[in-house]
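Single-structure report; data block below.
Protein chains: 2
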Amino acid sequence: MTTLSMHSASVPIFTRMLGNAGTWLDKAQAHAEAKKFDPSVYLTTRLAPDMLPFTTQIQIACDMAKFAVVRLSGVDGPTFDDTEKTLDELRERMRATAAFVQSVPAAKIDGTEDKDITIPRRAGPLTLKGEAYLKHFVLPNFYFHMTTTYALLRHNGVELGKMDFLGALQA
Amino acid sequence: MTTLSMHSASVPIFTRMLGNAGTWLDKAQAHAEAKKFDPSVYLTTRLAPDMLPFTTQIQIACDMAKFAVVRLSGVDGPTFDDTEKTLDELRERMRATAAFVQSVPAAKIDGTEDKDITIPRRAGPLTLKGEAYLKHFVLPNFYFHMTTTYALLRHNGVELGKMDFLGALQA
Numbered sequence: 001m002t003t004l005s006m007h008s009a010s011v012p013i014f015t016r017m018l019g020n021a022g023t024w025l026d027k028a029q030a031h032a033e034a035k036k037f038d039p040s041v042y043l044t045t046r047l048a049p050d051m052l053p054f055t056t057q058i059q060i061a062c063d064m065a066k067f068a069v070v071r072l073s074g075v076d077g078p079t080f081d082d083t084e085k086t087l088d089e090l091r092e093r094m095r096a097t098a099a100f101v102q103s104v105p106a107a108k109i110d111g112t113e114d115k116d117i118t119i120p121r122r123a124g125p126l127t128l129k130g131e132a133y134l135k136h137f138v139l140p141n142f143y144f145h146m147t148t149t150y151a152l153l154r155h156n157g158v159e160l161g162k163m164d165f166l167g168a169l170q171a
Numbered sequence: 172m173t174t175l176s177m178h179s180a181s182v183p184i185f186t187r188m189l190g191n192a193g194t195w196l197d198k199a200q201a202h203a204e205a206k207k208f209d210p211s212v213y214l215t216t217r218l219a220p221d222m223l224p225f226t227t228q229i230q231i232a233c234d235m236a237k238f239a240v241v242r243l244s245g246v247d248g249p250t251f252d253d254t255e256k257t258l259d260e261l262r263e264r265m266r267a268t269a270a271f272v273q274s275v276p277a278a279k280i281d282g283t284e285d286k287d288i289t290i291p292r293r294a295g296p297l298t299l300k301g302e303a304y305l306k307h308f309v310l311p312n313f314y315f316h317m318t319t320t321y322a323l324l325r326h327n328g329v330e331l332g333k334m335d336f337l338g339a340l341q342a
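First to last, the protein sequences are chains X and Y.
Under this note's numbering, the first residue of the first sequence carries the number 1, and numbering increases by one thereafter.
Under this note's numbering, the first residue of the second sequence carries the number 172, and numbering increases by one thereafter.
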């Protein structure tokens with residue numbers, strides 16, 4: 001009998017989606033090569049002029065996962081300088097983020113439902129309980145930025161389907 | 172001491188996001204009125220020619236939430252005919268979906284981590300355990316279609332920000 005927990009409801013979701021997104025970047029690179037354009041063109045694309053560009057979508061998705069684990073577990077995470085300029089560097093950012101979140105023992109994340117988590121924000125810091133932080137801040141933000149990354153590639157002609165978004169599902 | 176559960180990790184996420192999306196439709200309607208175009212124009216917009224249109228994004232998001240509760244709890248849900256033709260009808264679809272998922276007692280959803288859930292798919296039915304179904308099928312699909320709904324409105328000039336996506340966060 002398995003039971004949902006703060007670890008099982010966070011880290012496996014992050015690692016799975018970040019892995020899926022690696023496949024999207026592979027397909028984006030192949031598309032650019034087939035169409036003979038520089039793959040770095042993707043990095044500055046936006047869905048609206050006042051939305052954040054592709055690179056930033058990936059950086060924020062990674063930071064949502066990293067900081068969720070850092071704040072819930074109390075374990076320090078890696079520092080990233082947000083200087084990625086190529087698809088390869090973005091792929092490496094996702095890989096390093098997935099490796100970090102997987103490296104933290106589940107026991108340090110489980111049981112943090114009631115832990116006070118303080119988020120720095122432009123409007124001033126906000127403190128939420130661990131469970132609300134995960135469910136209503138981390139997960140919607142993480143999926144928002146992953147989905148927007150996917151949408152930007154689809155909008156720019158990369159042939160992706162829902163199964164690329166979800167990844168392989170096996171019984 | 173609160174503990175994450177199959178109910179607490181699903182229904183509150185659905186009701187919150189569906190409520191937030193109601194606000195997006197309100198702002199979309201106000202934008203259409205200010206710019207003097209028929210708000211039903213939004214309903215057929217797509218981010219790519221081979222992506223599903225706005226209306227379908229909302230219908231699928233609603234169905235992901237509804238079927239998650241139906242399949243996990245074993246309680247029958249409402250039937251929708253996918254005939255929405257206006258923002259008001261889409262708003263009502265989201266309201267009715269939220270009302271249904273909230274109506275099912277938490278006890279019928281909690282403890283379903285190991286329950287076999289069978290999903291009908293074009294490629295043939297797939298059976299997953301309840302926890303994997305929620306984490307790797309329902310949540311990514313639900314957020315995918317909610318984020319794409321939001322992205323379509325942003326792409327079409329509606330003034331929304333991340334706080335409209337997340338909704339109010341309070342300690």
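In this text, a Cβ means the ideal position worked out from N, Cα and C, and glycines have one as well.
Since this is a predicted model, take the numbers as computed values, not measurements.
C-beta neighbour in chain X for residue i, strict 8 Å
i: Y/Y314; result: yes
i: Y/R293; result: no
i: Y/L297; result: yes
i: Y/T254; result: no
i: Y/P210; result: no
i: Y/T194; result: no
Neighbouring residues, chain Y, relative to residue i (Cβ below 7 Å)
i: X/P12; result: K306
i: X/D114; result: M172 and T173
Option nearest residue i by Cα separation, candidates the options
i: X/P12; options: X/I109, X/D38, X/Y150 and X/T23; result: X/I109
i: Y/A269; options: Y/L261, Y/L214 and Y/C233; result: Y/C233
i: X/K129; options: Y/I231, Y/V272, Y/G193 and Y/Q341; result: Y/Q341
i: X/A168; options: Y/F308, Y/L323 and Y/L337; result: Y/F308
i: Y/P220; options: X/K162, X/T45, X/F14 and X/R154; result: X/R154
i: X/M17; options: X/G111, X/D76, X/V101 and X/A106; result: X/V101
i: X/V75; options: X/L160, X/M1 and X/P105; result: X/P105
i: Y/S274; options: Y/S244, Y/R217 and Y/F251; result: Y/S244
i: Y/T289; options: Y/P311, Y/N327 and Y/F238; result: Y/F238
i: Y/L310; options: Y/T173, Y/T174, Y/T186 and Y/M172; result: Y/T186
i: X/T2; options: Y/E302, Y/D253 and Y/K206; result: Y/E302
i: X/D164; options: X/L25, X/S5, X/M6 and X/L4; result: X/L25
i: X/A21; options: X/D116, X/L126, X/K135 and X/R93; result: X/R93
i: Y/Y213; options: Y/A322, Y/G332, Y/K333 and Y/L337; result: Y/A322
i: Y/D252; options: Y/A267, Y/R242, Y/V241 and Y/V240; result: Y/A267
i: X/A188; options: X/L126, X/P53 and X/L134; result: With chain X covering only 1 through 171, there is no way to say anything about residue 188 of chain X.
i: X/A34; options: X/T112, X/G77, X/G157 and X/L166; result: X/G157
Amino acids of chain X, ordered along the chain, whose beta-carbon sits closer than 8 Å to that of residue i
i: Y/L218; result: L47, A151, R154 and H155
Any chain Y beta carbon closer than 8 Å to residue i
i: X/F100; result: no
i: X/F165; result: yes
i: X/E33; result: no
i: X/E131; result: yes
Where the alpha helix (DSSP H) through residue i begins and ends
i: Y/T289; result: Segment D287 to I290 is the beta strand (DSSP E) holding Y/T289; no alpha helix (DSSP H) there.
i: X/L134; result: That residue, X/L134, is in no alpha helix (DSSP H); it is neither H nor E in DSSP.
i: Y/L337; result: K333 to L337
i: Y/L208; result: It is worth fixing the name first, because residue 208 of chain Y is Phe in this sequence and not Leu. Careful: Y/F208 lies outside any alpha helix (DSSP H) and carries neither H nor E.
i: X/Q57; result: F54 to S73
i: X/T97; result: L87 to S103
Extent of the continuous beta strand (DSSP E) to which residue i belongs
i: X/L128; result: L126 to K129
Neighbouring residues, chain Y, relative to residue i (Cβ below 8 Å)
i: X/A9; result: L175, A180 and K306
i: X/T148; result: T318 and A322
Proximal residues of chain Y, C-beta to C-beta of residue i below 9 Å
i: X/R16; result: K306, H307 and P311
Contacts of residue i in chain X (Cβ-Cβ under 9 Å)
i: Y/M222; result: A151, R154 and H155
Under 7 Å from the C-beta of residue i: neighbouring residues of chain X
i: Y/L340; result: L126, L128, H136 and F137
Contact with chain A by residue i, beta-carbon distance below 8 Å
i: X/M17; result: You won't find chain A in this structure, because its protein chains are X and Y.
*Does the count of Cβ pairs from the stretch 247 to 262 of chain Y and the stretch 281 to 295 of chain Y closer than 8 Å reach three?*
Fewer than three beta-carbon pairs drawn from the stretch 247 to 262 of chain Y and the stretch 281 to 295 of chain Y are found closer than 8 Å, and the two stretches are therefore not classed as touching.
*Three CB pairs or more closer than 8 Å across the stretch 52 to 60 of chain X and the stretch 174 to 182 of chain Y*: no
*Counting Cβ pairs closer than 8 Å, one from the stretch 301 to 320 of chain Y and one from the stretch 142 to 154 of chain X, do we hit at least three?*
The answer is yes - the stretch 142 to 154 of chain X touches the stretch 301 to 320 of chain Y, with three or more Cβ pairs under 8 Å.
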